[in-house]
Each structure stands twice: as structure tokens, then as C-alpha cells.
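Chemist:
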Amino acid sequence: MTKDLITPVMLIQIELAIASTRGDRDSLDLLEIDAKRMALTAAEIDAAKRGASFDAITNIAIKFALADYADDAAEITAAKKKLAAFGVAALAPRLHAFVQGLKLPTSI
Numbered sequence: 238m239t240k241d242l243i244t245p246v247m248l249i250q251i252e253l254a255i256a257s258t259r260g261d262r263d264s265l266d267l268l269e270i271d272a273k274r275m276a277l278t279a280a281e282i283d284a285a286k287r288g289a290s291f292d293a294i295t296n297i298a299i300k301f302a303l304a305d306y307a308d309d310a311a312e313i314t315a316a317k318k319k320l321a322a323f324g325v326a327a328l329a330p331r332l333h334a335f336v337q338g339l340k341l342p343t344s345i
């Protein structure tokens with residue numbers, strides 16, 4: 238049995254990064270509360286809001302998610318290469334699906 242590398246902690250960090258990118262203060266406030274409940278430190282929360290993590294794989298996952306959210310093909314490719322270098326290339330499609338669920342509707 239393999240350990241799932243996509244954890245709730247990784248996902249909350251991705252959500253913090255994307256909410257920060259959007260400037261979504263209401264979501265950030267709620268996400269920070271959830272992150273603290275998951276035992277993330279203030280430094281880890283701040284790093285996530287800046288689009289980073291102290292954990293190497295989570296850091297790449299955040300970079301991938303932000304690139305995917307922004308539809309930045311060059312950065313998506315770069316992040317995929319880094320995921321592959323760490324032996325976790327299979328995370329990319331799962332992260333993509335997660336990010337697509339976070340996208341705000343473009344029309345009402």
C-alpha cells in the first residue's frame with residue numbers, strides 16, 4: 238500500500254495560495270482557521286499564501302497548482318518536470334482536477 242502524497246494539509250496550502258492570488262480575503266480568513274486546526278504554523282500559512290511550502294513536494298504541488306490556475310503552460314510544464322524528478326508525476330492530473338474545482342465561474 239502506497240502512502241497518498243496529496244494530503245488535506247497539502248490541499249489547504251494550495252487553497253491558501255490560490256485564494257491569496259485571487260485576493261479573496263473572506264476565503265483566506267476561513268482557510269487560515271482550517272489550516273491552524275490542521276496544525277500548520279503561522280510561517281507555513283504565510284509561505285502558502287506566498288505560493289510556497291517548506292516541504293519540497295508540496296512546494297512543487299503549489300507551483301503546479303498556481304500555474305494550472307493561471308493557465309500558464311510554460312510553468313505547468315516546468316512544475317510537471319519537477320514532480321517527475323521527485324518520482325511523483327502522477328500527482329499532476331489529480332492536482333489539475335482539484336484546481337479546476339477551485340476556479341471561479343467566469344459568467345453568471
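Plus 237 on top of the position in the sequence shown (first one is 1) and you've got the numbering used here.
Note that the Cβ used here is the ideal one computed from N, Cα and C, for glycine as well.
Predicted model only: the values in this text are computed from it and were never measured.
#1: Which value, in whole angstroms, describes the spacing of the CA atoms of LEU303 and ALA289?
#2: Can you find the residues in the same chain that come closer than 7 Å, C-beta to C-beta, to ILE294, ignoring five residues on each side of it along the sequence?
#3: Looking at the structure shown, is SER290 part of a helix, part of a strand, or coil, going by DSSP?
#4: DSSP three-state call for PHE323: helix, strand or coil?
#5: Work out the CA separation of MET247 and ALA316 for me, nearest whole Å.
#6: If I follow the unbroken alpha helix (DSSP H) through ILE251, where does it start and stop?
#7: Compute the Euclidean distance between the alpha carbons of ASP266 and GLY338, then round it to the nearest angstrom.
#8: Is DSSP giving LEU187 helix, strand or coil here?
Modeler: On the basis of the data shown:
#1: Numbered from its first residue, the sequence shown carries residue 303 at position 66. Numbered from its first residue, the sequence shown carries residue 289 at position 52. Cα to Cα, the separation comes out at about 10 Å.
#2: The residue you call residue 294 lines up with position 57 of the sequence shown. The residues are LEU242, PHE323 and VAL325.
#3: Numbered from 1 along the sequence shown, position 53 holds the residue referred to as residue 290. Looking at SER290 - three-state DSSP - the assignment turns out to be coil, as it is neither helix nor strand.
#4: As a position in the sequence shown, residue 323 is number 86, starting the count at 1. In this structure, PHE323 counts as coil in the three-state DSSP scheme.
#5: Numbered from 1 along the sequence shown, position 79 holds the residue referred to as residue 316. Numbered from 1 along the sequence shown, position 10 holds the residue referred to as residue 247. The straight-line gap from Cα to Cα measures roughly 16 Å.
#6: As a working mapping, residue 251 is identified with position 14 in the sequence shown. From DSSP, the alpha helix (DSSP H) with ILE251 extends over 245–259.
#7: Start at 1 with the first residue of the sequence shown, and residue 266 comes out as number 29. Start at 1 with the first residue of the sequence shown, and residue 338 comes out as number 101. Approximately 20 Å between the Cα atoms of the pair.
#8: Any property of residue 187 remains undetermined from this structure, which presents the chain solely from 238 to 345.
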